[in-house]
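**Q** Shown below is the structure under consideration.
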Amino acid sequence: MSRKDHGMRKRIMPAEHAEGRGRSGPTLRRPAAVPYGQARQLRDGGEPSAVLLNRAFRADRLAAVVVWGAAGLVAGVFAWLLAAVAFQGAARLSLAFLTTPPADAGRSGGIGPILVSTLLILGVAMVSSVAVGAPAAVFLAEFSHAGTRSGRWVRRSLDVLAGMPSIVFGLFGNALFCKLLGLRFSILAGGLTLACMVLPLFIRLAEEGLRAVPTEYRQAAAALSLSPTTTLFRILLPAALPALAAGLVLGIGRALAETAALVFTSGYVDRMPESLHDSGRALSVHIYDLSMNVSGGDGGACASALVLIGLLLALNGGTAWLTTHWRRKTYRV
Amino acid sequence: MGRPSSRRRAQADALLHGTARLAAVGAGLLVVLMVLFLALEAAPVLHATGPLRFLTDRGWYPTQGRFNLGPMLVGTTLAAAGALFLAGPLGLLSAVFCCFYAPPRLAALYRRMLELLAGTPSVVFGLWGLVVLVPLINRLHPPGASLLAAILILALMVLPTLALTVEAGLRAVPTEYLQAAAALGLSRWTTVSQVALPAARPALIAGVILATGRALGETMAVLMVCGNVVQVPRGLFDPVRTLTANIALEMAYAQGSHRAALFVSGLALAAAIVFFVLAAEFAERRTRHV
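Protein chains in written order, with the numbering used here: chain A, 20 to 352; chain B, 5 to 294.
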């Protein structure tokens with residue numbers, strides 16, 4: 020028996036008991052354990068079991084109140100946050116807001132060019148992270164078995180990369196893409212920086228998706244003597260497509276939420292971008308700039324935040340749909 | 005099957021294998037490249053002044069060659085510690101609520117809410133802090149933009165990460181443990197506190213470490229509510245500036261050794277994160293061996 024099991028046993032033994040109180044949950048409710056209660060009474064120097072019982076019952080009750088209270092508090096604050104932003108933002112939101120360029124530093128006008136810049140940045144980020152991430156995931160899932168040293172090191176370094184603060188990505192992107200590669204503040208530089216940020220998430224999800232493809236598929240392919248390339252492109256990738264798509268959508272969500280990495284890679288310019296080498300302001304950067312640097316910009320900031328939250332919710336719903344419906348259909352063997 | 009086609013097949017396989025390996029190794033080396041670049045950009049000022057002066061200089065006047073990052077370090081540490089102090093218990097209780105107290109449908113809804121909260125952009129938190137929280141604190145004790153506001157916003161941002169990690173850990177507790185607890189007639193809270201939480205301890209530790217990393221690295225939300233005054237705060241209501249906020253604020257116009265000094269703080273952050281992530285991995289790995 021392992022060390023932990025010993026620990027468990029010791030902890031379970033002297034614990035309090037709810038003798039037949041119907042308050043515990045449906046999964047855990049069990050009839051009274053009278054002999055145990057009596058043993059406990061003897062050990063504790065004859066304290067009447069009713070007192071002990073009462074104490075245990077009250078502790079359990081208190082814990083339930085605290086747990087429900089904490090959950091309610093968290094949900095309440097979240098609702099407050101959403102309601103405050105939605106209430107202030109809804110006043111400004113309209114179809115014209117989505118299509119017209121900002122005027123008067125964003126105090127009036129809309130977010131048309133900013134949406135275009137955001138989409139371009141996302142496009143650059145997703146294309147480049149899929150181009151590197153998909154083969155990397157194939158390597159991790161198919162060509163490096165769980166124990167391989169190279170696979171382990173790559174995974175570990177991706178974990179570290181996933182934990183890096185976005186501002187550090189911003190510094191890195193500024194030094195590498197803007198300065199060294201001469202892209203200056205541009206949509207391209209911002210998108211590439213975001214690609215670095217999204218890469219670990221996408222690789223992790225794509226790898227999981229490939230691993231989730233039933234082994235029978237590979238065995239059948241091997242029995243037909245298909246080459247690894249054919250197996251991958253004709254069998255594994257199509258089967259893992261929903262997972263890859265879900266990874267892509269989650270990556271887009273992460274990229275859409277990002278601000279700090281973009282402030283000094285893709286820049287602040289709120290004009291309509293003419294090419295990928297132009298500086299373009301992402302939606303999140305717009306929110307930041309309006310609320311911090313423009314007095315009287317709160318309304319526009321809230322409306323933009325509402326648009327951003329709406330986009331993220333749509334993405335979230337899309338992922339949920341992908342993971343339940345599409346995947347279920349694919350794996351019906 | 006003729007020889008040329010089989011050779012082409014072998015070539016295709018080799019090409020695929022090579023490409024995949026190259027991509028994986030490239031992705032793995034990205035983090036090394038990143039640290040290298042930060043170090044390269046930070047090198048001039050590190051070389052000229054030595055690392056110690058970032059703690060001993062008098063004040064942060066980077067254009068005059070005085071680079072004391074001390075107040076920012078204190079600000080970052082206090083904000084992160086305060087956020088964890090608040091979010092730790094709340095996140096833990098949220099996870100417990102999801103696994104043991106809520107009816108299944110409510111639990112699913114609550115989990116969805118936590119996921120949504122985890123995916124909410126930091127600017128939105130910052131915006132809410134700026135529009136709602138800071139005026140509220142201002143009424144209590146001016147100026148409003150303060151260490152307290154930073155702690156509250158950070159706590160809110162860190163909480164879902166923590167809750168979701170712990171919740172995953174709690175769900176992975178072997179069913180036999182819970183059945184044994186039920187067979188002993190343990191109450192629900194006793195089962196949670198004496199059986200489930202100890203069994204999920206590695207996930208708990210990993211969650212706290214990951215949350216610490218997030219709290220240290222968060223930039224925009226904190227920048228928007230913390231007041232950004234370079235000083236060691238004397239109370240919760242004093243404005244502070246964190247390392248990350250410092251970078252975001254000054255990077256736009258920093259030149260020469262000022263810019264290099266900002267990269268030094270980025271390097272310090274990156275080092276802290278590497279440490280925390282590896283520690284979390286170590287904590288998680290210990291679970292699997294038990």
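Every residue, glycine too, gets a C-beta built ideally from N, C-alpha and C.
Going by other Cβ atoms of all chains shown within 10 Å of its Cβ, with 16 needed for buried, is Met-255 of chain B buried or exposed?
**A** If you number the second sequence from 1, residue 255 of chain B lands on position 251. Looking at its Cβ environment, which holds 16 or more other Cβ atoms inside 10 Å, Met-255 of chain B is buried.
**Q** I need the straight-line Cα distance from Arg-290 of chain A to Leu-174 of chain B, nearest angstrom please.
**A** Taking the first sequence and counting its residues from 1, the one referred to as residue 290 of chain A is at position 271. Taking the second sequence and counting its residues from 1, the one referred to as residue 174 of chain B is at position 170. Their Cα atoms are separated by approximately 49 Å.
**Q** So which residues on chain E does Cys-215 of chain A lean against when the C-beta distance must stay under 7 Å?
**A** Among the chains of the structure shown, chain E does not appear; the protein chains present are A and B.
**Q** Determine, using beta carbons only, whether Ser-43 of chain A comes closer than 8 Å to chain B.
**A** Translated into the one-based positions of the first sequence, residue 43 of chain A becomes position 24. Any reading at Ser-43 of chain A must be qualified, since the residue scores a pLDDT of 41, below 50, and its modelled position is unreliable; no value is offered.
**Q** Let me know the secondary structure DSSP gives Arg-11 of chain B once reduced to three states.
**A** Within the second sequence, residue 11 of chain B is the residue found at index 7, counting from 1. Arg-11 of chain B: helix per DSSP, three-state reduction.
**Q** Sorted by chain position, which residues of the same chain lie with C-beta nearer than 8 Å to Ala-83 of chain B's C-beta, five sequence neighbours on each side aside?
**A** Numbered from its first residue, the second sequence carries residue 83 of chain B at position 79. So the list reads Leu-151, Ala-154, Ile-155, Leu-158, Ala-219, Val-226, Cys-230, Val-244, Thr-246, once near-sequence residues are dropped.
**Q** Pull out every residue of the stretch 317-330 of chain A whose Cβ sits closer than 8 Å to any Cβ of chain B, in chain order.
**A** So the close ones are Asp-317, Ala-320, Cys-321, Ala-324, Leu-327, Ile-328.
**Q** Please report the straight-line C-alpha distance between Ala-208 of chain A and Val-127 of chain B, rounded to a whole angstrom.
**A** Reading the first sequence from its first residue, position 189 is the one you call residue 208 of chain A. Reading the second sequence from its first residue, position 123 is the one you call residue 127 of chain B. The straight-line gap from Cα to Cα measures roughly 21 Å.
**Q** Please identify, using Cβ separations under 9 Å, the residues of the stretch 331-345 of chain A that lie next to chain B, in order along the chain.
**A** Answer set for the stretch 331-345 of chain A: Leu-331, Leu-332, Leu-334, Asn-335, Ala-339.
**Q** On the CB-based measure, 16 or more other CB atoms within 10 Å of its CB, does Val-294 of chain B come out buried or exposed?
**A** Within the second sequence, the letter at position 290 stands for residue 294 of chain B. The predicted model places Val-294 of chain B with a pLDDT of 43, which falls under 50 and marks its position as unreliable, so this point remains unresolved.
**Q** With a threshold of 16 other CB atoms inside 10 Å of the CB of Arg-253 of chain A, please say whether the residue is buried or exposed.
**A** Against the first sequence, residue 253 of chain A aligns to sequence position 234. Looking at its Cβ environment, which holds fewer than 16 other Cβ atoms inside 10 Å, Arg-253 of chain A is exposed.
**Q** Got a sec? Which residues, its chain only, sit under 6 Å from Ile-186 of chain A by beta carbon, not counting five neighbours each side?
**A** For this step, residue 186 of chain A is matched to residue 167 along the first sequence. Closer than 6 Å at the Cβ level, and outside the excluded window around Ile-186 of chain A, lie Ala-279.
**Q** In chain A, which residues lie less than 7 Å from Ala-274 of chain B when you measure between Cβ atoms?
**A** Position 270 of the second sequence, counted from the start, is the residue given in the question as residue 274 of chain B. Residues of chain A passing the Cβ test: Met-183, Val-187.
**Q** When the Cα atoms are used, what is the spatial distance from Val-322 of chain A to Arg-80 of chain A?
**A** Position 303 of the first sequence, counting from 1, holds the residue named residue 322 of chain A. Position 61 of the first sequence, counting from 1, holds the residue named residue 80 of chain A. Position check: residue 322 of chain A holds Ala in this sequence, whereas Val was assumed. Rounded to the nearest angstrom, the two C-alpha atoms are 44 Å apart.
**Q** For Gly-26 of chain A, which of helix, strand or coil comes out of DSSP?
**A** Stepping through the first sequence from its first residue, residue 26 of chain A is reached at position 7. Summary for Gly-26 of chain A: the model assigns pLDDT 41, below 50, so the residue's position carries little reliability; its value from the coordinates is reported in the next sentence. Helix at Gly-26 of chain A.
**Q** Closer than 7 Å, Cβ to any Cβ of chain B: which residues of the stretch 128-141 of chain A, in chain order?
**A** For the stretch 128-141 of chain A, which is checked against every Cβ of chain B, not one residue is closer than 7 Å.
**Q** Check each candidate in A:Pro-219, A:Arg-126, A:Gln-238 and name the one with the smallest Cα separation from Arg-111 of chain A.
**A** Sequence index remark: in the first sequence, residue 111 of chain A carries index 92 (1-based). For the residues A:Pro-219, A:Arg-126, A:Gln-238, the minimum Cα distance to Arg-111 of chain A belongs to A:Arg-126.
**Q** Taking only the alpha-carbon atoms, compute the straight-line gap between Thr-249 of chain A and Arg-12 of chain B and give it to the nearest angstrom.
**A** In the first sequence, counting from the first residue as 1, residue 249 of chain A sits at position 230. In the second sequence, counting from the first residue as 1, residue 12 of chain B sits at position 8. Rounded to the nearest angstrom, the two C-alpha atoms are 12 Å apart.
**Q** Rounded to whole angstroms, how far is the Cβ of Leu-50 of chain B from the Cβ of Val-278 of chain B, which I believe are closer than 8 Å?
**A** For the purposes of this step, residue 50 of chain B is taken as residue 46 along the second sequence, with counting starting at 1. For the purposes of this step, residue 278 of chain B is taken as residue 274 along the second sequence, with counting starting at 1. Going by Cβ atoms, the distance from Leu-50 of chain B to Val-278 of chain B rounds to 18 Å, so no, they are not a contact pair.
**Q** Leaving out five residues on either side along the sequence, give the residues of the same chain with a beta carbon under 8 Å from the beta carbon of Val-104 of chain A.
**A** Here the question's residue 104 of chain A lines up with position 85 in the first sequence. Contacts found: Cys-321, Ala-324, Leu-325, Ile-328.
**Q** Any idea what DSSP makes of Arg-218 of chain B, helix, strand or coil?
**A** Position 214 of the second sequence, counting from 1, holds the residue named residue 218 of chain B. Three-state result, Arg-218 of chain B: helix.
**Q** Taking the alpha carbon of His-305 of chain A as the reference point, which residue from A:Tyr-287, A:Ala-259, A:Val-173 has its own alpha carbon closest?
**A** Your numbering for residue 305 of chain A matches position 286 in the first sequence. Of the listed residues, the one whose Cα sits closest to His-305 of chain A is A:Tyr-287.
**Q** With H, G and I counted as helix, E and B as strand and the rest as coil, what does DSSP make of Arg-290 of chain A?
**A** Reading the first sequence from its first residue, position 271 is the one you call residue 290 of chain A. Arg-290 of chain A: coil per DSSP, three-state reduction.
**Q** Can you tell which of B:Ala-28, B:Gln-68, B:Arg-25, B:Ala-99 has its C-alpha closest to the C-alpha of Ala-172 of chain B?
**A** The residue labelled residue 172 of chain B in the question sits at position 168 within the second sequence. Minimum Cα distance to Ala-172 of chain B is reached at B:Ala-99.
**Q** Can you check DSSP and say which residues form a bridge with Ser-310 of chain A?
**A** Taking the first sequence and counting its residues from 1, one reaches residue 310 of chain A at position 291. Answer is none; Ser-310 of chain A lacks a bridge partner.
**Q** Within 8 Å (strictly less), CB to CB, does Met-161 of chain B reach chain A?
**A** Within the second sequence, residue 161 of chain B is the residue found at index 157, counting from 1. So no, Met-161 of chain B is outside the interface.
**Q** Cutting at 8 Å between CB atoms, please list the residues of its own chain near Tyr-114 of chain B, excluding the five before and the five after it.
**A** Residue mapping note: residue 114 of chain B aligns to position 110 of the second sequence, counting from 1. Ser-98, Phe-101, Cys-102, Ala-106, listed in sequence order.
**Q** I need the boundaries of the alpha helix (DSSP H) containing Gln-183 of chain B, first residue and last residue.
**A** Numbered from 1 along the second sequence, position 179 holds the residue referred to as residue 183 of chain B. Residues 179-187.
**Q** Quick check on Asp-79 of chain A - is its C-beta less than 8 Å from some C-beta in chain B?
**A** Start at 1 with the first residue of the first sequence, and residue 79 of chain A comes out as number 60. With 8 Å as the cut-off, Asp-79 of chain A counts as an interface residue toward chain B.
**Q** Specify the secondary structure class of Pro-233 of chain A as computed by DSSP and reduced to three states.
**A** Here residue 233 of chain A refers to the residue found at position 214 of the first sequence. Note: Pro-233 of chain A maps to coil in three-state DSSP.
**Q** Helix or strand or just coil, what does DSSP make of Thr-343 of chain A?
**A** Within the first sequence, numbered from 1, the residue matching residue 343 of chain A stands at position 324. Thr-343 of chain A: helix per DSSP, three-state reduction.
**Q** Alpha carbon to alpha carbon, how far is Leu-224 of chain A from Phe-280 of chain B?
**A** Numbered from 1 along the first sequence, position 205 holds the residue referred to as residue 224 of chain A. Numbered from 1 along the second sequence, position 276 holds the residue referred to as residue 280 of chain B. Going from the Cα of Leu-224 of chain A to the Cα of Phe-280 of chain B covers about 22 Å.
**Q** Is there a Cβ from chain B that is less than 8 Å from the Cβ of Arg-307 of chain A?
**A** For the purposes of this step, residue 307 of chain A is identified with residue 288 of the first sequence, where counting begins at 1. The amino acid at residue 307 of chain A is misidentified as Arg; the sequence shows Tyr. Chain B, which has a Cβ nearer than 8 Å to the Cβ of Tyr-307 of chain A, makes this yes.
**Q** Answer with yes or no whether the minimum CB distance from Phe-204 of chain A to chain B is below 8 Å.
**A** For the purposes of this step, residue 204 of chain A is taken as the residue at position 185 of the first sequence. So no, Phe-204 of chain A is outside the interface.
**Q** Is the shortest distance between the beta-carbon of Gln-238 of chain A and the beta-carbons of chain B less than 8 Å?
**A** Locating residue 238 of chain A in the first sequence gives position 219, counting from the first residue. It does not; no Cβ of chain B falls within 8 Å.
**Q** Tell whether a beta-carbon distance below 8 Å holds between Thr-167 of chain A and Leu-269 of chain A.
**A** Residue 167 of chain A sits at position 148 when you count from the first residue of the first sequence. Residue 269 of chain A sits at position 250 when you count from the first residue of the first sequence. Cβ distance not < 8 Å, so Thr-167 of chain A and Leu-269 of chain A don't count as in contact.
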